[in-house]
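Engineer: In the working numbering, each residue's number is its place in the sequence shown (first place is 1) plus 520.
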Amino acid sequence: MTTAPSRPAVEIRDLHKSFGPLKVLKGIDFEVGQGEVVCVIGPSGSGKSTLLRCVDLLEEPTAGKIWVNGVEMTDPDVEIDAVRRGIGMVFQSFNLFPHLTVLNNLTIAQRRVLRRGRAEAERVARANLERVGLTDKADAFPAQLSGGQQQRAAIARSLSMEPKLMLFDEPTSALDPELVGDVLTVMRKLAEDGMTMMVVTHEMAFARDVADRVVFMDGGVVVEQGPPQEVLGAPKHERTRAFLSRVLDPTHVAQLGQPDQSPSPSPAPSLPTDDRHNL
Ligand SMILES: Nc1ncnc2c1ncn2[C@@H]1O[C@H](COP(=O)(O)OP(=O)(O)OP(=O)(O)O)[C@@H](O)[C@H]1O
Ligand SMILES: [Mg+2]
Numbered sequence: 521m522t523t524a525p526s527r528p529a530v531e532i533r534d535l536h537k538s539f540g541p542l543k544v545l546k547g548i549d550f551e552v553g554q555g556e557v558v559c560v561i562g563p564s565g566s567g568k569s570t571l572l573r574c575v576d577l578l579e580e581p582t583a584g585k586i587w588v589n590g591v592e593m594t595d596p597d598v599e600i601d602a603v604r605r606g607i608g609m610v611f612q613s614f615n616l617f618p619h620l621t622v623l624n625n626l627t628i629a630q631r632r633v634l635r636r637g638r639a640e641a642e643r644v645a646r647a648n649l650e651r652v653g654l655t656d657k658a659d660a661f662p663a664q665l666s667g668g669q670q671q672r673a674a675i676a677r678s679l680s681m682e683p684k685l686m687l688f689d690e691p692t693s694a695l696d697p698e699l700v701g702d703v704l705t706v707m708r709k710l711a712e713d714g715m716t717m718m719v720v721t722h723e724m725a726f727a728r729d730v731a732d733r734v735v736f737m738d739g740g741v742v743v744e745q746g747p748p749q750e751v752l753g754a755p756k757h758e759r760t761r762a763f764l765s766r767v768l769d770p771t772h773v774a775q776l777g778q779p780d781q782s783p784s785p786s787p788a789p790s791l792p793t794d795d796r797h798n799l
């Protein structure tokens, strides 16, 4: 649609990652196109966070290659800090500096890393606070914000670095259910604005509505991937069906995260209409 560069935002080829004897990623091929929103789903321990963390080398791959916007991250000579500058990461915990106001949390890296002057950094910060609906919290300290507001501040902080790619690792899973919606709304808006996003999430309704592509991982491999209506609505693989039946059936929520016992649910599970059902 847009004049995208020819290389995808993320390209991963035959990625393996082990922690000692534990093989966590077992040959992952994975891409995120420019402007694409890819949601990664799968059981606890399947390697989703490890995959995400390999993208900007927070974890060092055991084997395989990774490119971000055409730059090979796995090249030993890569200028890793320069590439990381183009990547925003949002985790489950917000990691705001408790002793700085929200505004200063948003300006500090701009000033130190991007060498922006105070006025410019504050202008960018305020624009991003507006984007996430926190204009009136600029002078508050993190402890004075709700969890959802802190997560939105963390997203605004990432956006202030003007990343080309945003990585999210379960950004709503530490939040009380009533705070989840506002964060998801911010993420939806980001997606609509054309941000390239890789999102590890248990929010199936978000994945259904916002993702261009859903990737289902289990046991360190990509089991299946495709448009949300296919992977979530008509999964081809038994493991995907078993996982979806567990996360989408509220009576089985307690099983979330336990090893796959494949109770063979034949019909494709229906999706909830509310983001919160599946937590
Ligand atoms: N730094 C580490 N050292 C040792 N083992 C690790 C490390 N990080 C992850 N693991 C192991 O790798 C496996 C995959 O972990 P990962 O965090 O990628 O799973 P996940 O799919 O993100 O799970 P969840 O949905 O619970 O977040 C787990 O068995 C985990 O214990
Ligand atoms: Mg994880």
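Even for Gly, the Cβ is constructed at its ideal location relative to N, Cα and C.
Let me make sure I understand the geometry here. Which of Ile675, Phe688, Val622 and Thr716 has the alpha-carbon closest to that of arginine 527?
Structural biologist: For the purposes of this step, residue 527 is taken as residue 7 along the sequence shown, with counting starting at 1. The shortest Cα separation from arginine 527 among Ile675, Phe688, Val622 and Thr716 belongs to Thr716.
Engineer: State the DSSP-derived secondary structure class of alanine 602, mapped to helix, strand or coil.
Structural biologist: Residue numbering aside, residue 602 sits at position 82 when the sequence shown is read from its first letter. DSSP places alanine 602 in helix when its eight states are reduced to three.
Engineer: Alpha carbon to alpha carbon, how far is alanine 629 from methionine 681?
Structural biologist: The residue given as residue 629 occupies position 109 in the sequence shown. The residue given as residue 681 occupies position 161 in the sequence shown. Cα-Cα distance, rounded: 8 Å.
Engineer: Along the chain, where does the beta strand (DSSP E) that runs through glutamine 671 open and close?
Structural biologist: Locating residue 671 in the sequence shown gives position 151, counting from the first residue. Here glutamine 671 belongs to no beta strand (DSSP E); instead the alpha helix (DSSP H) covers 667 to 680.
Engineer: Quick one: what's got a C-beta closer than 6 Å to valine 719's C-beta in the same chain, skipping five residues either side?
Structural biologist: Translated into the one-based positions of the sequence shown, residue 719 becomes position 199. Correct list, in chain order: Cys559 and Phe688.
Engineer: From what residue to what residue does the alpha helix (DSSP H) around leucine 535 run?
Structural biologist: Taking the first residue of the sequence shown as 1, we reach residue 535 at position 15. Taken as a continuous stretch (DSSP letters only), leucine 535 belongs to no alpha helix (DSSP H), being part of the beta strand (DSSP E) at 530 to 539.
Engineer: Considering only residues of the same chain and omitting the five flanking positions on each side of phenylalanine 617, which have a CB-CB separation below 8 Å?
Structural biologist: Taking the first residue of the sequence shown as position 1, residue 617 is located at position 97. For phenylalanine 617, where only same-chain residues beyond five positions count, the Cβ hits under 8 Å are Asn624, Asn625, Ile628 and Pro662.
Engineer: If we ignore side chains and look at the alpha-carbon of each, how far apart do glycine 740 and lysine 543 end up?
Structural biologist: Start at 1 with the first residue of the sequence shown, and residue 740 comes out as number 220. Start at 1 with the first residue of the sequence shown, and residue 543 comes out as number 23. Cα to Cα, glycine 740 sits roughly 8 Å from lysine 543.
Engineer: Consult DSSP for phenylalanine 763 and reduce its assignment to one of helix, strand or coil.
Structural biologist: Taking the first residue of the sequence shown as 1, we reach residue 763 at position 243. The answer is helix: DSSP assigns phenylalanine 763 an H, G or I state.
Engineer: Could you work out which residue in Gly637, Val622 and Pro748 is closest to aspartate 729 when comparing CA atoms only?
Structural biologist: By 1-based counting over the sequence shown, the position of residue 729 is 209. Checked all of Gly637, Val622 and Pro748; the closest Cα to aspartate 729 is Pro748.
Engineer: What first and last residue would you give for the alpha helix (DSSP H) that runs through aspartate 702?
Structural biologist: Residue 702 sits at position 182 when you count from the first residue of the sequence shown. First-last of the alpha helix (DSSP H) with aspartate 702: 697 to 712.
Engineer: What's the C-alpha gap between valine 743 and alanine 641?
Structural biologist: As a position in the sequence shown, residue 743 is number 223, starting the count at 1. As a position in the sequence shown, residue 641 is number 121, starting the count at 1. Their Cα atoms are separated by approximately 43 Å.
Engineer: Helix, strand or coil: how does DSSP classify arginine 733 here?
Structural biologist: Position 213 of the sequence shown holds residue 733. Strand.
Engineer: What is the DSSP secondary structure of glutamate 690, counted as helix, strand or coil?
Structural biologist: Numbered from its first residue, the sequence shown carries residue 690 at position 170. Here glutamate 690 sits in coil by DSSP.
Engineer: State the Cα-Cα distance for the pair alanine 529 and glutamine 670, rounded to the nearest angstrom.
Structural biologist: Position 9 of the sequence shown, counted from the start, is the residue given in the question as residue 529. Position 150 of the sequence shown, counted from the start, is the residue given in the question as residue 670. Cα to Cα, alanine 529 sits roughly 27 Å from glutamine 670.
Engineer: For isoleucine 607, which residues from the same chain have a beta carbon less than 8 Å from its beta carbon, with the 5 sequence-adjacent residues on both sides left out?
Structural biologist: Working through the sequence shown from its first residue, we reach residue 607 at position 87. The answer, listed in chain order, is Val575, Asp576, Val588, Pro683, Lys684, Leu685, Met686 and Leu687.
Engineer: Tell me whether proline 596 is buried or exposed, calling it buried when 16 or more other Cβ atoms sit within 10 Å of its Cβ.
Structural biologist: Here residue 596 refers to the residue found at position 76 when the sequence shown is read from its first residue. By the 10 Å Cβ count, proline 596 comes out exposed.
Engineer: Residues near ligand 2, CB to any non-hydrogen atom under 7 Å, in chain order?
Structural biologist: Residues flagged by the Cβ proximity filter: Lys568, Ser569, Asp689, Glu690 and Val720.
Engineer: Looking at the strands, I want to know which residues DSSP matches up with methionine 718.
Structural biologist: Residue mapping note: residue 718 aligns to position 198 of the sequence shown, counting from 1. Bridge partners of methionine 718: Val558 and Leu687.
Engineer: Which first and last residues belong to the alpha helix (DSSP H) in which glutamate 642 is found?
Structural biologist: Counted from its first residue, the sequence shown places residue 642 at position 122. Segment 638 to 651, the alpha helix (DSSP H) holding glutamate 642.
Engineer: Would you say threonine 594 and lysine 537 are within 8 Å of each other, going by their C-beta atoms?
Structural biologist: As a position in the sequence shown, residue 594 is number 74, starting the count at 1. As a position in the sequence shown, residue 537 is number 17, starting the count at 1. For threonine 594 and lysine 537, no; Cβs fall outside 8 Å.
Engineer: When every heavy atom of ligand 1 is checked, does at least one fall within less than 7 Å of the C-beta of glycine 739?
Structural biologist: Translated into the one-based positions of the sequence shown, residue 739 becomes position 219. Not under cutoff, so the answer is no.
Engineer: Around the C-beta of serine 786, are 16 or more other C-beta atoms found within 10 angstroms, so that it is buried, or is it exposed?
Structural biologist: Translated into the one-based positions of the sequence shown, residue 786 becomes position 266. Per-residue confidence for serine 786 stands at a pLDDT of 43, beneath the threshold of 50, marking its modelled position as unreliable; the derived number appears in the next sentence. Burial call: exposed.
Engineer: Closest to phenylalanine 539 by CA distance: which of Val598, Val557, Glu579 and Ala639 is it?
Structural biologist: To locate residue 539, count along the sequence shown from 1; it is residue 19. Minimum Cα distance to phenylalanine 539 is reached at Glu579.
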